[in-house]
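Asks: Reading the sequence shown from the start, the letters are residues 1 to 148 in UniProt numbering.
Where is the CB? At the ideal position from N, CA and C, for every residue including glycine.
Pasting a structure here, questions to come.
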Amino acid sequence: AGADMDNPADKCSKRMPVARWSAKQCVVQVLWTLDWLRELDQCLEIERSTYYACRLLLQFSPVSSLRSSIRPMVKYASYNGQDEAASKAVDFCLRALEDFDLALHGSPSDPSASVEAMRSKISDVIQALDKYKKISHLSSLLLKGALY
């Protein structure tokens with residue numbers, strides 16, 4: 001009988017493959033975005049890159065896709081009883097991502113386009129993503145294989 005029994009996890013993943021895939025992709029995007037932002041911050045600190053260099057880097061940024069896919073991760077945090085905290089962390093994260101994106105799309109003469117302002121926005125996004133990552137236990141979910 002054991003071989004004939006359906007695995008409930010298989011049923012769930014067959015019914016909701018997109019939701020499960022999106023969750024895994026979101027975990028990867030959060031981690032990738034954190035790495036990307038830390039590298040960008042180092043580049044700005046060491047090389048004192050210009051506004052135009054930052055704008056060019058935006059073309060390769062995971063920030064835009066993360067903004068559109070981070071919300072589905074709230075449901076995974078709710079399994080740990082962290083749904084309200086995760087929702088607040090997502091809202092904070094989305095605001096930080098939006099501020100960063102707006103600064104990159106702004107005018108080079110705008111004070112928010114300075115290296116210091118960009119580094120401040122990057123720091124805000126990193127803090128927001130780190131907070132969200134802790135609340136949602138993203139790294140442990142990925143390592144445990146909980147997200148397919």
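Report the residue from Glu84, Ile70 and Ser107 whose alpha carbon sits nearest the alpha carbon of Ala96.
Replies: If we check each option's Cα against that of Ala96, Ile70 comes out closest.
Asks: Roughly how many whole angstroms lie between the Cα atoms of Val27 and Asp110?
Replies: If you take the alpha carbons of Val27 and Asp110, they lie about 33 Å apart.
Asks: Starting from Ser120, trace the alpha helix (DSSP H) in both directions and tell me its first and last residue.
Replies: First-last of the alpha helix (DSSP H) with Ser120: Val115 to Ser136.
Asks: Give me the residue from Val90, Lys121 and Ala89 with the minimum Cα distance to Ala103.
Replies: Cα-wise, what sits closest to Ala103 is Lys121.
Asks: Taking the straight line between their C-alpha atoms, what separation do you get for Gln29 and Pro62?
Replies: Approximately 7 Å between the Cα atoms of the pair.
Asks: Assign Ala135 to one of two classes, buried (16 or more other C-beta atoms within 10 Å of its C-beta) or exposed (fewer than that).
Replies: A quick correction: the sequence has Ile, not Ala, at residue 135. It counts as buried.
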